[in-house]
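Last residue of the sequence shown: 347 in this note's numbering, with the numbers rising by one and none dropped.
No residue lacks a Cβ here, since even glycine has one placed at the ideal position from N, Cα and C.
Below is one structure; the comments refer to it alone.
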Amino acid sequence: MGNQQTLSHYLLKHLEDSEIQSELVSIITDIATAGKKISHEVQRSGLLDLHGAHGGQNVHDEEVQKLDDRSNEIVKSILSSNEHIIGLASEEESDIVDTSNGKLAGFIVAFDPLDGSSNIDINASVGSIFSVLPSWSDIRKDFLQPGRSQLASIYVLYGSSTVLVLTTGSGVHEFTLDPDNGEFILTMENIRIPESSKYVSYNEGNRSKFRGSEAQAIKKLVKDIGSARYMGALVADLHRTLIKGGIFLYPAVKKGDGYVGKLRMQYEVKPMAQIIVEAGGMALINNEDATSVAPDELHEKVPFVFGDSKTVKKYQSYRYDKK
Ligand code: AHG
Ligand code: MN
Ligand code: MN
25 MGNQQTLSHY LLKHLEDSEI QSELVSIITD IATAGKKISH EVQRSGLLDL HGAHGGQNVH
85 DEEVQKLDDR SNEIVKSILS SNEHIIGLAS EEESDIVDTS NGKLAGFIVA FDPLDGSSNI
145 DINASVGSIF SVLPSWSDIR KDFLQPGRSQ LASIYVLYGS STVLVLTTGS GVHEFTLDPD
205 NGEFILTMEN IRIPESSKYV SYNEGNRSKF RGSEAQAIKK LVKDIGSARY MGALVADLHR
265 TLIKGGIFLY PAVKKGDGYV GKLRMQYEVK PMAQIIVEAG GMALINNEDA TSVAPDELHE
325 KVPFVFGDSK TVKKYQSYRY DKK
């Protein structure tokens with residue numbers, strides 16, 4: 025293939041007007057390096073004894089898998105050596121990792137090192153998610169900025185090929201890892217989510233735990249347009265939705281006396297919402313634009329719905345319009 029554009033070339037060319045060009049390029053380049061390393065380990069996970077549980081539980085009381093832990097160590101070690109990054113937040117770390125070395129201002133990165141960990145042992149798609157934010161003085165407070173303040177949102181999907189999808193606020197672009205030379209090559213520029221689609225994606229096993237109005241709205245939606253698709257890994261479900269359209273829902277489910285969301289604000293919802301909205305779709309936390317909601321705490325979990333605008337609006341009318 026002639027005229028291939030690498031990620032580094034693309035970044036230098038397209039961020040040249042930005043005042044923070046060199047810092048952001050170096051952060052995105054390091055994230056891509058972490059993605060390549062994790063991709064390498066995912067492909068060899070059966071051979072490297074990286075299947076199965078690691079033995080501990082994370083802050084969400086979920087069983088940590090060996091590859092969750094390994095991916096977390098890879099991202100942490102690469103990003104903590106980047107001089108522009110002053111703080112990290114990970115799904116697999118109970119608290120913020122301060123990498124400031126006394127620096128007061130810089131960049132902070134929240135990440136889900138390995139998303140979809142129930143897919144690891146069955147050779148199905150998994151991914152990594154990253155959210156890059158500016159920070160001025162108080163790392164802890166600055167992680168609680170809403171999604172629209174992100175300088176970059178990125179995911180890497182380890183699927184039948186490894187792709188990195190990124191936005192820095194000017195379009196959503198896909199780069200595919202060429203295993204022959206280890207370079208991420210531009211394969212889709214300015215991705216636009218299709219106008220509508222027949223795909224509805226949610227965990228059917230949770231339906232009896234949804235609020236009544238939610239279950240009703242989803243039932244109507246499925247009847248209206250539905251062809252069901254669900255991978256159980258946000259990165260893979262989102263990538264399908266971005267390329268093929270449709271709607272993904274992870275509504276609040278009943279727990280004790282209340283209803284709780286599952287997906288995590290910092291390293292799942294905020295970056296994924298920015299990518300979907302930038303591609304022309306819609307993302308919701310309850311009935312609000314997901315990019316304008318500020319988290320209250322580091323590991324907050326929320327209900328999350330996103331997809332092509334036509335289908336999301338249809339869902340909103342079924343779910344929230346008063347008859
Ligand atoms: P993680 O593997 O990082 O813990 O994330 C799992 C998340 C997300 O990837 C996916 O959308 C969702 O959990 C699936 O949850 P269910 O298994 O409850 O459907
Ligand atoms: Mn996840
Ligand atoms: Mn994870």
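Where residue i sits in the DSSP three-state scheme
{"i": "S333", "result": "helix"}
{"i": "E47", "result": "helix"}
{"i": "Q89", "result": "strand"}
{"i": "D54", "result": "helix"}
{"i": "I153", "result": "strand"}
{"i": "H84", "result": "coil"}
{"i": "A148", "result": "coil"}
{"i": "R216", "result": "coil"}
{"i": "K325", "result": "strand"}
{"i": "Y179", "result": "strand"}
{"i": "L35", "result": "helix"}
{"i": "G59", "result": "helix"}
{"i": "E198", "result": "strand"}
{"i": "T265", "result": "helix"}
{"i": "L190", "result": "strand"}
{"i": "D313", "result": "strand"}
Within-8 Å CB hit, residue i to chain D
{"i": "D54", "result": "Among the protein chains of the structure shown there is no chain D, as only one such chain exists."}
Same chain, Cβ closer than 7 Å to residue i, neighbours up to 5 away in sequence not counted
{"i": "H78", "result": "V88, Q89, K90, D92 and D93"}
{"i": "V22", "result": "One cannot answer for residue 22 here, as it falls past the ends of the chain, which runs 25 to 347."}
{"i": "V83", "result": "S118 and H323"}
{"i": "Y344", "result": "N311"}
{"i": "Y339", "result": "A241, L245, I271 and V329"}
{"i": "K247", "result": "none"}
{"i": "D204", "result": "none"}
{"i": "S159", "result": "I110, G111, A129, G130, F131, I132 and D166"}
One or two residues paired with residue i in a DSSP bridge
{"i": "G236", "result": "Its beta-bridge partners do not exist; DSSP assigns none."}
{"i": "A307", "result": "F330"}
{"i": "V293", "result": "The partner list for V293 (beta bridge, DSSP) is empty, contrary to what the question assumes."}
{"i": "D136", "result": "I153"}
{"i": "G282", "result": "K279"}
{"i": "F272", "result": "S225 and F330"}
{"i": "H64", "result": "Note: H64 sits in no beta bridge, so no partner."}
{"i": "D122", "result": "G111"}
{"i": "V259", "result": "Note: V259 sits in no beta bridge, so no partner."}
{"i": "R288", "result": "K325"}
{"i": "P158", "result": "F131"}
{"i": "H208", "result": "Note that residue 208 corresponds to Phe in the displayed sequence, not to His. F208 pairs with L201."}
{"i": "Y252", "result": "Reading off the sequence, residue 252 comes out as Ala, not Tyr. In DSSP, A252 forms a bridge with V224."}
{"i": "L14", "result": "Here the chain covers residues 25 to 347 and nothing more, so residue 14 does not appear."}
Residues near residue i in its chain [Cβ-Cβ closer than 6 Å; skip 5 each side]
{"i": "S124", "result": "I110"}
{"i": "S141", "result": "Q89 and D92"}
{"i": "S328", "result": "Looking at the sequence provided, one finds Phe at residue 328 rather than Ser. So the list reads Y274, L287 and V293, once near-sequence residues are dropped."}
{"i": "D145", "result": "H75"}
{"i": "K222", "result": "I249 and S251"}
{"i": "V99", "result": "A58, F135 and P137"}
{"i": "Q290", "result": "A113 and A134"}
{"i": "E207", "result": "T30"}
{"i": "F234", "result": "P275"}
{"i": "H351", "result": "Past the edges of the chain, shown from 25 to 347, lies residue 351, and the structure says nothing about it."}
{"i": "S225", "result": "R253, Y254, D261 and F272"}
Close-in-space but distant-in-sequence residues of the same chain around residue i (CB under 8 Å, 5 per side omitted)
{"i": "K244", "result": "Y342"}
{"i": "H108", "result": "E47, S50, I51, G130 and F131"}
{"i": "N227", "result": "Y254, G256 and Y274"}
{"i": "L266", "result": "V189, V196, I215, I217, I299, I300, A303 and G305"}
{"i": "N143", "result": "S149, V150, M255, G256, A257 and A260"}
{"i": "K337", "result": "M306"}
{"i": "S161", "result": "L128 and A129"}
{"i": "T53", "result": "L31, S32 and L35"}
{"i": "V121", "result": "K100, S104, G111, L112, A113 and S114"}
{"i": "K325", "result": "H84, V284, G285, K286, L287, R288 and M289"}
{"i": "R68", "result": "L74"}
Check: residue i C-beta below 7 Å from any heavy atom of ligand 5
{"i": "S237", "result": "Because ligand 5 does not appear in the structure shown, any question about it cannot be addressed here, the ligands present being ligand 1, ligand 2 and ligand 3."}
How do the segment 309-318 and the segment 169-186 stand: do at least 3 beta-carbon pairs fall below 8 Å, yes or no? yes
Would you call the segment 273-283 and the segment 101-111 in contact, with 3 or more CB pairs under 8 Å? no
Contact between the segment 297-306 and the segment 174-189 (3+ Cβ pairs under 8 Å): yes
Determine contact between the segment 55-68 and the segment 232-245, defined as no fewer than three beta-carbon pairs at a distance below 8 Å. no
Is the segment 67-78 touching the segment 37-49 in the sense that three or more CB pairs, one from each, lie closer than 8 Å? no
Contact between the segment 257-264 and the segment 208-219 is defined here as three or more beta-carbon pairs at a separation below 8 Å; is this criterion met? no
Can you confirm whether the segment 183-190 touches the segment 304-313 when touching is taken to mean that 3 or more C-beta pairs between the two stretches lie within less than 8 Å? no
Environment of ligand 2 in chain order, Cβ to heavy atom below 6 Å: D136, D139, L258 and E292
Is there contact between the segment 137-154 and the segment 192-200, where contact requires at least three CB pairs shorter than 8 Å? no
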